[in-house]
Each structure stands twice: as structure tokens, then as C-alpha cells.
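**Student:** Positions in the sequence shown are counted from 1; adding 5 to them yields my numbering.
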Amino acid sequence: MVFRLAAVLLIVGMYVIIPIAAFAATSQIVVITASPVIGNTCVSNFDISVTMPEGGLGYYMHLTWTAAPAGNTSRVVFNVGDEPADCEDNVIYEGNDTSTIHLVTDSDDLVSGLYYRVYAVIGGNCSSCYATGSVIASESTDTGGGAVTIDTEGLGEMADLMRIGLILGFPILFGLVGVLRASMTGYVVGVVGLCLAETYIWDNVGMLLGIPVILVIFGLFGSGMRNAFGEGLRVF
6 MVFRLAAVLL IVGMYVIIPI AAFAATSQIV VITASPVIGN TCVSNFDISV TMPEGGLGYY
66 MHLTWTAAPA GNTSRVVFNV GDEPADCEDN VIYEGNDTST IHLVTDSDDL VSGLYYRVYA
126 VIGGNCSSCY ATGSVIASES TDTGGGAVTI DTEGLGEMAD LMRIGLILGF PILFGLVGVL
186 RASMTGYVVG VVGLCLAETY IWDNVGMLLG IPVILVIFGL FGSGMRNAFG EGLRVF
């Protein structure tokens with residue numbers, strides 16, 4: 006019973022490691038200075054940094070700027086796919102701070118491009134000049150031209166994470182059935198499935214996940230042998 010419980014904990018623990026191992030390589034930060042118009046009524050030093058939070062829930066757009074000397078407040082607007090029409094277009098921040106965070110959860114928006122403007126608000130009216138910046142998904146980190154680009158490798162690795170979950174999920178489920186029900190079918194399918202998945206895991210994730218998978222394979226095999234020569238195995 007103790008050995009069986011240990012095998013279950015080993016399998017569950019390995020499966021918890023999957024997102025840790027995969028997302029270890031997805032966090033990325035690209036920082037570039039955007040191109041504001043300089044003037045007494047204009048914001049300046051507009052920067053955008055892009056980070057991917059743990060868990061892969063989206064992308065954080067960290068926007069910072071220096072307020073206009075003559076401005077009362079600052080207003081940040083954005084649009085997807087093209088420049089904002091004016092200072093009323095999709096307002097995401099207005100106030101006295103000089104930074105804000107915009108969470109983007111739809112990766113299609115990154116492909117289309119996110120375009121930002123920061124206006125100074127003077128007496129309730131937007132300044133005629135504004136700072137501009139953009140975030141556009143790209144396969145490179147070329148940040149020429151004042152735009153912010155992010156490497157789409159993180160999006161590809163999220164897809165890899167889902168693929169790994171599917172590849173391991175099936176044999177792990179059968180392995181758990183084998184351990185909990187002393188099922189010969191569960192043990193065989195679990196061990197064979199994980200052995201087939203091991204090459205893919207090792208090549209695409211590496212030893213951080215490959216070694217736990219090997220340990221689970223040996224754990225299932227040992228648990229199966231113990232049951233076979235002990236209390237016996239069921240067919241299913």
C-alpha cells in the first residue's frame with residue numbers, strides 16, 4: 006500500500022513539473038524606447054516593456070513616460086491593428102501617474118499589432134502632440150524604427166506545453182488506473198506510452214522533465230511487478 010501511494014505521488018508530482026519545466030523558457034522581456042514628440046505640452050521618454058507572467062495568462066505591456074510640464078494629467082489610448090483614431094479611442098489609463106500596465110490575453114492582438122499613444126491632458130483637453138509606441142509579434146527581436154517587437158517563441162512554447170500535456174496525459178491516466186486498481190492494462194499502457202513519449206520529451210524539453218518521466222516509468226514498472234508477485238493483477 007505504501008509503495009502504491011508513493012507511485013501515485015510520484016506520477017502526480019511529475020505532472021505538476023510539466024508547466025514549470027515548459028514555462029521556464031517562455032518568460033521574456035524586450036524593452037525599447039518609443040518615439041515621442043518633444044515639447045512643453047507633450048509627454049516624453051515613452052518606454053514599453055513586455056513580459057509574460059507565470060502561468061502564461063497573457064502578456065503584460067508595461068508603459069512608462071515622463072509627464073508633460075504643462076499637462077494636468079496623462080491619458081493612454083490604444084488600438085489593435087492600426088494607430089488610435091484620437092485621444093478618445095480605447096482609453097486604458099488617465100491620471101497623474103507616469104506608468105500603467107496593460108494586460109493582453111488574446112495573442113491575435115499581438116500578431117495584428119498593438120498601437121499606443123500617450124497624451125497630455127490640459128484643462129480637460131488632449132494635447133495636439135502625443136507619444137507613440139507599438140507592440141507587434143515578430144519572429145525576431147529587431148527593434149528598429151522605434152517600435153517594440155516581441156519574440157513569438159513564447160507563443161510556440163505555450164503550444165508545445167499543451168502538446169506535452171496531451172502526450173503525457175493519456176499514459177499517465179492509465180498509469181494511475183494501474184496503480185489504484187492493480188490493473189495490468191493500466192500498467193502496460195502507462196509504461197509503454199511514457200516510453201514512447203520520452204524521446205519527444207527529452208528532445209523538446211530536456212532533462213528537467215525527461216528525468217522525472219524516467220522515474221515515473223521505473224515507478225510504474227516496479228509497482229506493477231510488486232503487485233504481480235504480491236496481491237495479483239486484474240486484467241483491466
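Glycine is no exception: its CB is placed at the ideal position from the N, C-alpha and C atoms.
Cβ of V123 within 8 Å of Cβ of V182?
**Tutor:** Going by C-beta atoms, V123 is not nearer than 8 Å to V182.
**Student:** Short of 7 Å in beta carbon distance, which residues of its chain neighbour S190, apart from the five on each side in sequence? Order them along the chain.
**Tutor:** A small correction: the amino acid at residue 190 is Thr; Ser does not occupy that position in the sequence shown. Hits under 7 Å: V240, F241.
**Student:** Would you give the residue range spanned by the alpha helix (DSSP H) that R122 belongs to?
**Tutor:** Taken as a continuous stretch (DSSP letters only), R122 belongs to no alpha helix (DSSP H), being part of the beta strand (DSSP E) at 119–127.
**Student:** Check this for me: beta carbons of I97 and G118, under 8 Å apart or not?
**Tutor:** It is not a contact, given that the beta carbons lie outside the stated cut-off.
**Student:** Mind reading off the beta-carbon distance from I206 to I169? Whole number of angstroms is fine, and I expect it under 8 Å.
**Tutor:** That belief holds up - the Cβ atoms of I206 and I169 are roughly 7 Å apart, short of 8 Å.
**Student:** Just the Cα atoms here: how many angstroms apart are T148 and S139?
**Tutor:** With a pLDDT of 45 at T148, under the threshold of 50, the modelled position of that residue is not reliable, and no figure is offered here.
**Student:** Figure out for me which residue from W70, L238, A187 has the closest Cα to the Cα of F51.
**Tutor:** The shortest Cα separation from F51 among W70, L238, A187 belongs to W70.
**Student:** Pick helix, strand or coil for D111, following the three-state DSSP scheme.
**Tutor:** In this structure, D111 counts as coil in the three-state DSSP scheme.
**Student:** Using DSSP bridges, identify the partner residues of C131.
**Tutor:** Per DSSP, V126.
**Student:** Pop quiz: V218 and L199 are said to be a contact at Cβ under 8 Å. What is the actual Cβ separation, rounded to whole angstroms?
**Tutor:** With 8 Å as the limit, V218 and L199 qualify as a contact, their Cβ atoms being about 6 Å apart.
**Student:** Assuming Y65 and P89 form a contact by the criterion Cβ under 8 Å, report the distance between their Cβ atoms to the nearest whole angstrom.
**Tutor:** Their Cβ separation, rounded to whole angstroms, is 20 Å, which puts Y65 and P89 out of contact at 8 Å.
**Student:** State buried or exposed for V36, treating a residue as buried only when at least 16 other CB atoms are found within 10 Å of its CB.
**Tutor:** With a pLDDT of 37 at V36, under the threshold of 50, the predicted position of this residue should be treated as unreliable, though the coordinate-derived value follows. With fewer than 16 other Cβ atoms within 10 Å, it is exposed.
**Student:** Is the distance from the Cβ of I222 to the Cβ of V196 below 8 Å?
**Tutor:** In this structure, V196 lies closer than 8 Å to I222 by Cβ.
**Student:** Within the same chain, show all residues whose beta-carbon is closer than 8 Å to that of V85, passing over the 5 residues directly before and after it, in chain order.
**Tutor:** So the qualifying residues of the chain are D114, S117, G118, L119, Y120.
**Student:** Any idea what DSSP makes of F241, helix, strand or coil?
**Tutor:** Note: F241 maps to coil in three-state DSSP.
**Student:** Pick helix, strand or coil for F234, following the three-state DSSP scheme.
**Tutor:** DSSP places F234 in coil when its eight states are reduced to three.
**Student:** Based on Cα-Cα distance, which residue from A72, E93, D91 lies nearest to G100?
**Tutor:** That would be A72, whose Cα lies nearest to the Cα of G100.
**Student:** Using the C-alpha atoms, what's the distance from R186 back to A233?
**Tutor:** Roughly 12 Å separates the two Cα atoms.
**Student:** Just to check my reading of the structure: T204 and S132 have Cβ atoms closer than 8 Å, yes? What is that Cβ distance to the nearest angstrom?
**Tutor:** About 59 Å separates the two Cβ atoms, so there is no contact after all.
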